[in-house]
Amino acid sequence: TLLGIVCTDAKITPSALDTFLRRANRKSFNCISIDGDTSTNDTVSIFANGAAAPDSAAPIDVEVSDPSTSVSPTSGSPTRVSSKPQRPRTTILHPDAQAFDIVLTKFMQDLAQLVVRDGEGATKFVTIRVRSDKSLITAHRVAESIAKSSLVKTALYGKDANWGRILCAIGYTPGIMDAGPRGLSIDQVLPERTSVSFIPADGSAPLHLLVQGEPQQVDETRAKEILEMEDLEILVRLEDGPVVGEAALKRGARVGTMTKEAVYWTCDLSHEYVTINGDYRT
Amino acid sequence: FHTDLQQIRHYSAPGDRSIPAAKQKYVPTSGTYPKGFQAGTAHAGVKASNTKYDDITMVVSDRPAAAAAVFTRNVFKAAPVVVSRASLSARNRAGQGFRGVVVNSGCANAVTGKVGLEHAALMARETDKCFDSEDPSEPPQTLVMSTGVIGQILPISKITDAIPKAHAALGDSHDHWLNAAKAICTTDTFPKLLTRTFTLPSHPETEYRIAGTTKGAGMIHPNMA
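Which chain is which? The protein sequence lines are Y and E, in order. Position one of the first sequence corresponds to residue 1 (the working numbering), numbered consecutively onward. Position one of the second sequence corresponds to residue 1001 (the working numbering), numbered consecutively onward.
This is the structure:
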């Protein structure tokens, strides 16, 4: 089970605090996995008592905008654009709110990473970074799929540069494997457009394992050196944007994309995990 | 088949809860803690085998504080999740603040039916009493968390006996916070505690503080909202 308690002496409205926590959680605790099991008790709470704020300071707040209305560019008056009920969108505009948003997200990421470093039986801290041309959701799901793979995690424990298992985990990501005409539009993740590299924690040159579907000549000695380190990053490049043919390019088709990046943190899976959990209840 | 019972290894946490040498670097030796917050711990012996270590933790504010939380999306939400979520919803709707949180380790109070809900609510009420502000007609101003074994009933009297002791032990030193971080642990090998200071653009001369503790080592794949 994951539990977390965060306290600050800044002055923040309850609704803003809720927004900050949910935003930070999406980029921190919801991006870690040790064993793929979601607990019945996971809770992270945050408290803000304003004790350090000057008396004159207004509480940090965020603005909530209603997406069902928009401001007409001509008249300036709100116009209803959709009858469908939609969730209100929160816009963080105030500089104090922006600053706290950044502080809390980084703080919660640091806390979440401590949990991964203490994974039961873990010997490695693994960052999985996935870049997609199309969708943050795609990138997040692929990262999650890799982070949950027992075979990827045992290979990391055994210091085996088994990139085939990483590809396998990408391939069965929900939404990729199941993509159909009405499924998620992430069906352009193709083996021949996928690349995988190990990024060493010491800042030395990356080890490319697969480049656009083509396996690279892997220096096993170098791979072993990288996998001996406690910290390791796996970089996956999906290149899943639209395929633009030469003819389309001549017609002026745009190929530029905004890369979306998701990061997940996980650990390896060792014998010790089984030992700890084989008799946890008793 | 050849069955070899020697292959079965049993786990036993270090008796002295010593921190592995490789993990020492993650445990802070000092910190800058937010004003108005205190942490306290006490021993309840929630897990019968724990005869020594604190397993009740309280983190409180000296004044009503804004509060928020994210909870597991697992359908089988534990009793403290259900109770805390209801308290947050009710008090925030009414514009009421919170005083803090009480946590027990050793038993998750999950899949424990109605009695589990009663126990979680009682933990919150008993903590409220420490602030001399218990009002049964109002939702509790304390959030509740539990962690440990699923499917076992909380030894609630041990916990309610320990809550005033945890309150009496409140303090704002680094050791108080570190003890709180230790007391929420289960199979964790080291306490997880961080502090930071920051400023805000509107009052750059004012230093604000943020502190946090977390626990978790197994059954970790959070999906909270």
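For every residue, glycine included, the Cβ atom is placed at its ideal position computed from N, Cα and C.
{"Check": "For the beta strand (DSSP E) containing residue 207(Y), name the first residue and the last one.", "Outcome": "207–211"}
{"Check": "Considering Cα atoms alone, identify which of 23(Y), 92(Y), 104(Y) is closest to residue 48(Y).", "Outcome": "104(Y)"}
{"Check": "Could you say if the stretch 1074–1089 of chain E and the stretch 1021–1031 of chain E meet the contact criterion of at least three C-beta pairs nearer than 8 Å?", "Outcome": "no"}
{"Check": "Provide the residue span of the alpha helix (DSSP H) that contains residue 171(Y), from first to last.", "Outcome": "163–171"}
{"Check": "Please identify, using Cβ separations under 8 Å, the residues of the stretch 1202–1219 of chain E that lie next to chain Y, in order along the chain.", "Outcome": "1202, 1203, 1206, 1207, 1208, 1209, 1210, 1211, 1212, 1213, 1214, 1215, 1216, 1217, 1218, 1219"}
{"Check": "With 9 Å set as the bound, which would you pick, yes or no: does the beta-carbon of residue 292(Y) sit closer than that to a beta-carbon of chain E?", "Outcome": "With chain Y covering only 1 through 282, there is no way to say anything about residue 292(Y)."}
{"Check": "In the DSSP output, which residue or residues are listed as bridge partners for residue 1269(E)?", "Outcome": "Only positions 1001 to 1225 of chain E appear in the structure, and residue 1269(E) is not among them; the question remains open."}
{"Check": "Under 9 Å between C-beta atoms, does residue 172(Y) make it to chain E?", "Outcome": "no"}
{"Check": "Does the beta-carbon distance from residue 1185(E) to residue 1146(E) come in below 9 Å?", "Outcome": "no"}
{"Check": "With a 10 Å radius around its C-beta and 16 neighbouring C-beta atoms as the bar for buried, classify residue 94(Y) as buried or exposed.", "Outcome": "buried"}
{"Check": "Within the stretch 1004–1073 of chain E, note down every full beta strand (DSSP E) run reaching 3 residues or more, in order along the chain.", "Outcome": "1037–1042, 1056–1071"}
{"Check": "Under the rule that 16 or more other beta-carbon atoms within 10 Å means buried, what is residue 136(Y), buried or exposed?", "Outcome": "exposed"}
{"Check": "Go to residue 267(Y), then tell me how far its beta strand (DSSP E) extends in each direction, as first and last residue.", "Outcome": "260–267"}
{"Check": "Could you compute how far the alpha carbon of residue 38(Y) sits from the alpha carbon of residue 56(Y)?", "Outcome": "43 Å"}
{"Check": "Determine, using beta carbons only, whether residue 46(Y) comes closer than 9 Å to chain B.", "Outcome": "Among the protein chains in the structure shown, which are Y and E, there is no chain B."}
{"Check": "What residues of chain E sit near residue 143(Y), judged by a beta carbon separation below 8 Å?", "Outcome": "The premise fails here: residue 143(Y) is roughly 13 Å from chain E at the closest Cβ pair, so nothing lies under 8 Å."}
{"Check": "Going along chain E, which residues have a C-beta under 7 Å from residue 214(Y)?", "Outcome": "Chain E residues near residue 214(Y): none, gap ~33 Å exceeds 7 Å."}
{"Check": "With residue 1122(E) as the anchor, note down where its alpha helix (DSSP H) starts and where it stops.", "Outcome": "1113–1130"}
{"Check": "Please report the residue range of the alpha helix (DSSP H) in which residue 193(Y) lies.", "Outcome": "It is not in any alpha helix (DSSP H) - residue 193(Y) carries neither H nor E in the DSSP assignment."}
{"Check": "Which residues in chain E sit within 7 Å of residue 33(Y), going by Cβ to Cβ distance?", "Outcome": "1220, 1221"}
{"Check": "Could you tell me which of 1093(E), 1221(E), 1023(E), 1187(E) sits nearest to residue 1148(E), measuring between CA atoms?", "Outcome": "1187(E)"}
{"Check": "Starting from the C-beta of residue 1020(E), find all residues in its chain whose C-beta is less than 8 Å away, skip the five residues before and the five after it, and write them out in chain order.", "Outcome": "1189, 1190"}
{"Check": "Find the residues of chain E that neighbour residue 228(Y), judging by a C-beta separation of less than 8 Å, and give them in chain order.", "Outcome": "None at all; the shortest Cβ gap to chain E is about 14 Å."}
{"Check": "Could you please tell me which residues of the stretch 1030–1046 of chain E, in chain order, have their CB closer than 7 Å to any CB of chain Y?", "Outcome": "1034, 1035, 1036, 1037"}
{"Check": "Taking 8 Å as the limit between beta carbons, can you name the residues of its chain near residue 160(Y), skipping five residues before and five after?", "Outcome": "227"}
{"Check": "Closer than 8 Å by beta-carbon distance: list the chain Y residues that pair up with residue 1092(E), in chain order.", "Outcome": "14, 15, 18"}
{"Check": "Once DSSP output is grouped into helix, strand and coil, what is the label at residue 186(Y)?", "Outcome": "Here the model assigns residue 186(Y) a pLDDT of 47, short of 50, so the residue's position is not dependable and the matter cannot be decided."}
{"Check": "Compare the C-beta of residue 1106(E) against all C-beta atoms of chain Y and say whether one is closer than 9 Å.", "Outcome": "no"}
{"Check": "For a test of the three-state rule: what should DSSP assign to residue 1215(E), helix, strand or coil?", "Outcome": "strand"}
{"Check": "Using a Cβ-Cβ distance under 9 Å, would residue 1136(E) count as near chain Y?", "Outcome": "no"}
{"Check": "Distance check for residue 1068(E) and residue 1088(E), CA to CA, integer angstroms please.", "Outcome": "7 Å"}
{"Check": "Please report the distance separating the alpha-carbon of residue 234(Y) from that of residue 1119(E).", "Outcome": "45 Å"}
{"Check": "Using a beta-carbon distance below 9 Å, is residue 29(Y) in contact with chain E?", "Outcome": "yes"}
{"Check": "Starting from the Cα of residue 224(Y), find the closest Cα among 156(Y), 170(Y), 195(Y) and give me that residue.", "Outcome": "156(Y)"}
{"Check": "Determine the DSSP secondary structure at residue 107(Y), reduced to helix, strand or coil.", "Outcome": "helix"}
{"Check": "Near residue 1208(E), which residues of its chain fall below 8 Å by C-beta distance, leaving aside the five closest residues on each side in sequence?", "Outcome": "1034, 1197, 1198, 1199, 1200"}
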